[in-house]
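Presented below is the structure to which this report refers.
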Amino acid sequence: MADKRLPYIDASAKLAQAFTFIDDFTTYVDQDDWTLVATNSGSASVGDAVGGVVVILTDSADNDDAALKQTHETLLLANDKTIRFDCKAAVTEGDTDKANVLIGIINAAAADDMGDASAGPRADFSGAVFYKVDGGDNWNVMYSDGTTQTKAELSAENSKTGTAISRTSGTFQKFAIELIPTSTTKVNINFYVGELTGDLKLVHRMTDKTFASATEMQVELYVKAGSGTVETLSVDYVAVDQLR
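First residue of the sequence shown? That's 104 in the numbering used here, and the numbers climb one at a time after it.
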């Protein structure tokens, strides 16, 4: 069966065909569209920036985290209900490579969604994410169906571009995830990355993954300090669509 990809359609028709959530971060009110989850004095704020940017900061203690989660879980894997997530974000390392970062779709978003000591995403969730661990430069991808998890570091060997997909501190990158159900129990997942001035490129693909443990999901934008230094995640926009 061919992938049922999300169509690019005009705005009026799209409302009838797809649920859409978009935020350009021209303002931020806690517990409105987004809810802050933070340890100690972790924070999220919007200031003057072309196009709007939200800045998420950890506190200055090892393993302190800060995240914005979509206040309500509005997404659910189901047959023929493709989900598309897009985001433009930048990681600014306070301490060389110590930031732990997670960007994507997850259920029950909460503190410690990235484990301490480079452990990566939590061991039980529904969703698909990009993530980076303390001590690493490359992005990683993961699809999780409960405790059944598939992950890959986007090294040159694992990236479809043939080059490693890494973060450059302070540089914005574009990210996209497509979850394309092909039956009532199987899903294909496409991961895309693009530099600020470049087009999105398919960097990894997972096929025929199960969603037996599917549950409602939400967007999460997460950063954790890997040392006693503040780490920063800046997000320009988020857009998520799901076919109705």
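In this text, a Cβ means the ideal position worked out from N, Cα and C, and glycines have one as well. The structure displayed is predicted, hence computed values, not measured ones.
Measure the beta-carbon distance from residue i to residue j and round it to whole angstroms, keeping in mind my assumption that it falls under 8 Å.
| i | j | result |
| --- | --- | --- |
| residue 70 | residue 333 | An answer regarding residue 70 cannot be provided, because it is not within the stretch 104 to 347 covered by the chain. |
| residue 168 | residue 215 | 7 Å |
| residue 320 | residue 171 | With a Cβ gap of about 15 Å, residue 320 and residue 171 do not count as contacting. |
| residue 292 | residue 312 | 6 Å |
| residue 234 | residue 249 | In fact, because the Cβ distance is near 18 Å, the residues do not count as touching under 8 Å. |
| residue 225 | residue 242 | No, residue 225 and residue 242 are not in contact; Cβ-Cβ is about 18 Å, not under 8 Å. |
| residue 245 | residue 231 | 7 Å |
Would you kindly work out how many angstroms separate the C-alpha atoms of residue i and residue j, rounded to a whole number?
| i | j | result |
| --- | --- | --- |
| residue 174 | residue 263 | 34 Å |
| residue 184 | residue 155 | 30 Å |
| residue 346 | residue 315 | 20 Å |
| residue 236 | residue 194 | 12 Å |
| residue 203 | residue 274 | 16 Å |
| residue 140 | residue 213 | 7 Å |
| residue 318 | residue 211 | 9 Å |
| residue 256 | residue 206 | 15 Å |
| residue 308 | residue 180 | 17 Å |
| residue 251 | residue 305 | 23 Å |
| residue 374 | residue 330 | This structure gives no information on residue 374, because the portion of the chain shown stretches from 104 to 347. |
| residue 135 | residue 285 | 34 Å |
| residue 294 | residue 120 | 23 Å |
| residue 258 | residue 296 | 13 Å |
| residue 151 | residue 339 | 12 Å |
| residue 158 | residue 272 | 14 Å |
| residue 191 | residue 132 | 20 Å |
| residue 129 | residue 153 | 9 Å |
| residue 229 | residue 290 | 12 Å |
| residue 328 | residue 221 | 10 Å |
| residue 322 | residue 209 | 6 Å |
| residue 247 | residue 303 | 23 Å |
| residue 279 | residue 149 | 23 Å |
| residue 116 | residue 137 | 27 Å |
| residue 176 | residue 266 | 35 Å |
CB-CB under 7 Å to residue i, same chain, minus the five flanking residues each way: which ones, in chain order?
| i | result |
| --- | --- |
| residue 200 | 238, 239, 240 |
| residue 288 | 313, 314, 315 |
| residue 336 | 159, 192, 194, 204, 324, 326 |
| residue 298 | 276 |
Looking only at its own chain, which residues have a Cβ that is under 6 Å from the Cβ of residue i, when we skip the five neighbours before and after it?
| i | result |
| --- | --- |
| residue 146 | 160 |
| residue 143 | 162, 167 |
| residue 261 | 255 |
| residue 342 | 125, 189 |
| residue 281 | 187, 293 |
| residue 344 | 109, 121, 123, 187 |
| residue 268 | 242, 257, 262, 296, 306 |
| residue 219 | 166 |
Query raised in the report: Along the chain, which unbroken stretches of the beta strand (DSSP E) at least 3 residues long are found entirely within the region 156–211?
Result: Segments of the beta strand (DSSP E) lying fully in the region 156–211: 157–160, 168–173, 186–195, 203–209.
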